[in-house]
Amino acid sequence: MLMGMTLRMKLLVAGIILTMAPLVAVYTVVYFQNDKMLKSAREQAAHLASMDLTHITQSVYSLVESHQEVNEKDIKVALTVARELAASMGGFSFAHEKITWNAVNQFNHVKTMVQLPQMKLGDVWLWQISDTRVSALFVDQVQSLTGVTCTIFQRMNDAGDMLRISTNVVNSDGERAIGTYIPETDPDGKTNPVISAILKGETYQGRAFVVNGVYFTSYEPIADAGNKIVGMLYVGVPQEGVKSLRQAIMNVKVGNSGHVWVLDSSGRYIISKDGRRDGEDVSNSKDSNGTLFIQEICRMATGLKDGEIAEYTYSWKNADDPKPRTKVVKIMYYKPWDWVIGAGVFTDELYEATEQRTRELGRQSRIIILGVFLVSILAAILIWFFASRGIAEPISKQAEEALRASEEMFRLLVESPPDAIFVQTGGLFAYLNPAALKLFGAASPDQLIGRSVLETLHPADHENARRQIQMANVEKKGAPVSEQKFIRLDGTAVDVEVLTVPIEYRSSHGALVFARDIGERKRSQEEREHLNRLNKLILDAASEGIIGINAEGKCIFANPSSAAILGYEAEEMIGKEVHKLIHHSRDDGSVYPNEECPMHLTLKTGEPCRVKDEVLWRKNGESFPAAYSSTPIVEAGKTTGAVLTFRDITQRRENDEMKVMLEAKLRQTQKMEAIGALAGGIAHDFNNILGVISGYTEITALELPEETGAKKYLEYVMQAVDRAKDLVKQILTFSRKTEQVTKPVQVIPIVKEIVKLMRASLPSTIDLAHEINVAVGDDVVLGDPTQIHQILMNLCTNSGHAMREQGGVLKILLSRVFWGALDPGKPHDLEPVEYLQLSISDTGHGIEKHIVDRIFEPYFTTKGVGEGTGLGLSVVHGIVNSMGGTVKVYSEPGVGTVFHVFIPRLIEKGIEESEQPPEPIPTGTACVLLVDDEEGLVGSGLLLLKSLGYKVEATTDSLKALEMFREDPHRFDLLITDQTMPKLTGMELAEEVMKIRPGMPVILCTGFSEITSSEKARNIGILEYATKPLNKTVLAKTVQRALDKRQQPEKPGV
117 MLMGMTLRMK
127 LLVAGIILTM
137 APLVAVYTVV
147 YFQNDKMLKS
157 AREQAAHLAS
167 MDLTHITQSV
177 YSLVESHQEV
187 NEKDIKVALT
197 VARELAASMG
207 GFSFAHEKIT
217 WNAVNQFNHV
227 KTMVQLPQMK
237 LGDVWLWQIS
247 DTRVSALFVD
257 QVQSLTGVTC
267 TIFQRMNDAG
277 DMLRISTNVV
287 NSDGERAIGT
297 YIPETDPDGK
307 TNPVISAILK
317 GETYQGRAFV
327 VNGVYFTSYE
337 PIADAGNKIV
347 GMLYVGVPQE
357 GVKSLRQAIM
367 NVKVGNSGHV
377 WVLDSSGRYI
387 ISKDGRRDGE
397 DVSNSKDSNG
407 TLFIQEICRM
417 ATGLKDGEIA
427 EYTYSWKNAD
437 DPKPRTKVVK
447 IMYYKPWDWV
457 IGAGVFTDEL
467 YEATEQRTRE
477 LGRQSRIIIL
487 GVFLVSILAA
497 ILIWFFASRG
507 IAEPISKQAE
517 EALRASEEMF
527 RLLVESPPDA
537 IFVQTGGLFA
547 YLNPAALKLF
557 GAASPDQLIG
567 RSVLETLHPA
577 DHENARRQIQ
587 MANVEKKGAP
597 VSEQKFIRLD
607 GTAVDVEVLT
617 VPIEYRSSHG
627 ALVFARDIGE
637 RKRSQEEREH
647 LNRLNKLILD
657 AASEGIIGIN
667 AEGKCIFANP
677 SSAAILGYEA
687 EEMIGKEVHK
697 LIHHSRDDGS
707 VYPNEECPMH
717 LTLKTGEPCR
727 VKDEVLWRKN
737 GESFPAAYSS
747 TPIVEAGKTT
757 GAVLTFRDIT
767 QRRENDEMKV
777 MLEAKLRQTQ
787 KMEAIGALAG
797 GIAHDFNNIL
807 GVISGYTEIT
817 ALELPEETGA
827 KKYLEYVMQA
837 VDRAKDLVKQ
847 ILTFSRKTEQ
857 VTKPVQVIPI
867 VKEIVKLMRA
877 SLPSTIDLAH
887 EINVAVGDDV
897 VLGDPTQIHQ
907 ILMNLCTNSG
917 HAMREQGGVL
927 KILLSRVFWG
937 ALDPGKPHDL
947 EPVEYLQLSI
957 SDTGHGIEKH
967 IVDRIFEPYF
977 TTKGVGEGTG
987 LGLSVVHGIV
997 NSMGGTVKVY
1007 SEPGVGTVFH
1017 VFIPRLIEKG
1027 IEESEQPPEP
1037 IPTGTACVLL
1047 VDDEEGLVGS
1057 GLLLLKSLGY
1067 KVEATTDSLK
1077 ALEMFREDPH
1087 RFDLLITDQT
1097 MPKLTGMELA
1107 EEVMKIRPGM
1117 PVILCTGFSE
1127 ITSSEKARNI
1137 GILEYATKPL
1147 NKTVLAKTVQ
1157 RALDKRQQPE
1167 KPGV
């Protein structure tokens, strides 16, 4: 063929061929260059899309987890409130009456007729209430307190089917779902997990189907007295009811048309785009290739571990799409809610701009090549070289422009976000965006590129970082969001939140790492946590009770001190009305109206209130005095609650009572001191009078014949003088002016004397009886006769006082009793010896039981003002205890009282010495100087001493007596002087006399003196000390002893 062509034609053909060859080569180069550029752009876009989808999916997963934590806490609190509310209302029980139910299976709606006992809460029946407009006992209260739904279930049969008998869960008709029941077996033939847990006596908490939807729930068994499960208590919130979560998920946008959706594991939409397909079963949906992609997605999701993420790609064609498009989905599975969480987007939307630019460049290239081809054919062989150059240069420029566009898109996507983004390959930094350089404190990428990532991590995070690098570089898996601590180039640490996505970067496997500085957030969180801990420590450490109250008056917080004081656990108090809990009654037990309660008034008026002394009530029903204050909590000018602060003031009350008692005791002591001072003065003067009477009586008796009646009368006078002397002694004892000396005492004479005294003083409406069951000589005790007299007098006087209005019988009984160590009736405070028992009984009004234990307390009295001091029985108790005995009292109101006094019997014969014949009265001839400011005493003393044979000189002036002695110190053998005298007292006179004549015998006499005593007198050399009045016998013996001591001087100071 070529043989027939002309040379020009051959050249032309050759030129055309030579022209076409490079054109074809250029077109091939452009085609493959454009394809490579498009592939690179797609890879970068795919990496970014995968990273973004991963971040979005994990964020939604974390959001769901957070809501679950809140739900679990709310459900737990709600169940506690429900449990405590039920307990406070009396608990669940059953009546004998039965009620008919048309029970409906909540799954298949099959009806069953059953008769069950009527359930009660406390004493109130739980009626069949289906109308939501009618309040249902307990369940509506729980919902009002906690905001959750509540149901009471009753067990239908032995299998364990549970019937809703009271609820605020509504059915599809908008009515309460009573009469529906949860069968023991689910539709799939498996045991219902709720029923299974309840029948084991366990609490179930989790996701469960309730009537017509899925709820977040908690079920607790209800058991009878025999611990048999007879029902269960439920609280819960609907899964679809978490409106804020649903809206947050629906608001998330992915690309132009992508979105986040949620399915359950069966393929039913829980959250769809804009909520239009919620509840629709899409498990049988097929993609453009006929694959049941929803089923594959659910199967893939349910096989994932917690926090693990997977990717699924499928082909899908929307109604307005001309052909199917590829869609990529990131999937995570949240098992507690059975949620398959997906975030998907069409892949072409991710790199649509890149492909469009690349396609435009390819189209332009092809047009240019075609034009050149045509021109080349016309221009022949001479222009093929120029044509090829004209084609190649535009193609190269266009390819470079496309590459620059792709790189610009990558730069915008990676370098614009405020979060730090860097790429690691082989564990080394390969790329860092500006935010990452700023985070690490680097001025340029060169400071970090090629360095190990671990060098910028805190050592504690190395292990976790190695694992993430392994997952990304080897396993090609991303890592969930975690917190790490980065070390900046200047050595400072920064807390970051890290997300790792596996990528291929410059032909190396690595990871794209997103890092967000959370230092400020952590500091704020730590400050809040520190402040919360500090506040809790302060509240926990407070010794006062502190209770937080909401606007409805219910407890929202209780510190440990308040719980301890009130006897509750803090959790028990939460949700309960504080006034009803601790302030429901007054001190006298009467109801304390809520509208008068200061706590209520604080909530109503917004004004603080302080109460110094009221009673609060403990869990065990006991009241205690308390001081409290109620302070309002004001937000935006509105009172939203109050803080109640209180403390137990029992100790303060006791201290106040003690103070009042001590003040009364002080006043009484001061009164007794005044009485004592008066008694001392009376004793001195009275004893002087008795001395005159005694002295002249004895002188008169000496002058009368023995057989005369007058002498016998004078003996009565002397007996009266002795009685008066004892009476003065009792007065001084009562006012603590004399010391008691114990000695053997016969009790029978004292009892008889008391009988005579009481018979004369009691009114005729009171009969007096006495019984002595002790032989004379067996009635001896070691004590003071005056004190024994005082014991009987006080007890008999009290008994007489108890019968003064109605009359009655007063009886005195004296007997012997021996208590063995093991005798069951022996008082625990007595030794096992023989006792005299004095019993004083009356038929008066008796003593109340709550008073009996206090009657021996000082100053305690049940008598009216001015009728008693409250000292009588305490004095009796003190005297008997000092004698080694005890006092027991038995009383019955309206019947009478008996006091038993036990005093150890003295088994000795010393008392029998008084029965010996009287010794003769000693006499003498010594010269006596007698000094007393009372003329009567001087006169009677003078006569008595002379009757004893002594020579006597007497005076009423102490100074004159001193002068008489000074004139002739050896004239006198003995000085007898009164103590209380004007000018010189007896002791002063004795001291002056002994200065003149050392060793001069002195007898000091006194009616009563606080400034002297026998010990003081003897310390200055006075030989004898005598108490007025002195009868002849005592005077004679005292004088004889003094004169004998003069002849036998004792050691100094004796």
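Just so you know, we're using the working numbering here: the sequence shown kicks off at 117 and counts up by one. Don't be surprised by glycine CBs; every beta carbon is placed ideally from N, CA and C. Note that this is a predicted model, so its numbers are computed, not measured.
- A straight-line Cα-Cα distance of about 58 Å links residue 768 and residue 574.
- Non-local beta-carbon contacts of residue 830 in its own chain, meaning distances under 7 Å to residues more than five positions away in sequence, involve 813, 816 and 817 in chain order.
- The C-alpha of residue 258 is placed about 8 Å away from the C-alpha of residue 201.
- When the Cα atoms are used, residue 1096 and residue 790 turn out to be separated by approximately 20 Å.
- Fewer than three beta-carbon pairs drawn from the region 310 to 326 and the region 231 to 247 are found closer than 8 Å, and the two stretches are therefore not classed as touching.
- DSSP places residue 1054 in no beta strand (DSSP E) but in the uninterrupted alpha helix (DSSP H) bounded by 1051 to 1063.
- Taking residue 684 as reference, the option from 642, 738 and 648 with the minimal CA-CA separation is 738.
- Residue 970 and residue 882 have their C-alpha atoms roughly 27 Å apart.
- Comparing C-alpha distances from residue 719 to each of 1153, 958, 762 and 664 shows the shortest one belongs to 664.
- Within the region 341 to 410, the alpha helix (DSSP H) runs of at least 4 residues that lie entirely inside it are, in chain order, 359 to 366.
- For residue 965, the enclosing alpha helix (DSSP H) starts and ends at 965 to 968.
- Residue 311: member of the alpha helix (DSSP H) spanning 309 to 315, first to last residue.
- Considering only 743, 730, 732 and 747, the residue with the shortest C-alpha distance to residue 723 is 747.
- For residue 432, the beta-bridge partners assigned by DSSP are 441.
- Note that the C-beta distance between residue 235 and residue 254 is not below 8 Å.
- In the DSSP assignment, the residues bridged to residue 625 are 620.
- Within the DSSP secondary-structure output, residue 227 pairs in a beta bridge with 220.
- Between residue 930 and residue 889, the gap from beta carbon to beta carbon is short of 8 Å.
- Annotation: the region 657 to 741 contains the following complete segments of the beta strand (DSSP E) (minimum length 3 residues), in chain order: 661 to 666, 671 to 674 and 725 to 733.
- Listed in chain order, the alpha helix (DSSP H) runs fully inside the region 1063 to 1087 are 1074 to 1083, counting runs of at least 4 residues.
- The secondary-structure analysis by DSSP pairs residue 646 with nothing; it has no beta-bridge partner.
- Around the beta carbon of residue 1148, 16 or more other beta carbons sit within 10 angstroms, so the residue counts as buried.
- With three or more CB-CB distances shorter than 8 Å, the region 944 to 956 counts as touching the region 1007 to 1027.
- Proximity of the region 440 to 457 to the region 613 to 631 falls short of the contact definition, fewer than three beta-carbon pairs being nearer than 8 Å.
- With a 10 Å radius around the Cβ and a threshold of 16 neighbouring Cβ atoms, residue 763 comes out buried.
- Sequence-distant Cβ neighbours of residue 688 in its own chain, meaning closer than 7 Å and more than five residues away, are 200.
- Between residue 541 and residue 626, the C-beta spacing is below 8 Å.
- In the structure shown, residue 1000 falls within a coil segment according to DSSP collapsed to helix, strand and coil.
- The C-beta separation of residue 1090 from residue 1119 comes to about 7 Å, placing the pair in contact by the 8 Å criterion.
- Residue burial annotation: residue 243 is exposed, with fewer than 16 other C-beta atoms found within 10 angstroms of its C-beta.
- DSSP places residue 1151 in no beta strand (DSSP E) but in the uninterrupted alpha helix (DSSP H) bounded by 1148 to 1163.
- With respect to the 8 Å criterion, residue 898 and residue 1040 are not classified as neighbours on the basis of their beta carbons.
- Spatial neighbours of residue 964 in its own chain (CB-CB distance under 7 Å, excluding positions within 5 residues in sequence) are listed in chain order as 1009.
- Around residue 673, the same chain offers 664 as residues with beta carbons nearer than 6 Å, after the five sequence neighbours per side are excluded.
- Here the alpha carbons of residue 644 and residue 637 stand approximately 10 Å from one another.
- For residue 1045, the enclosing beta strand (DSSP E) starts and ends at 1043 to 1047.
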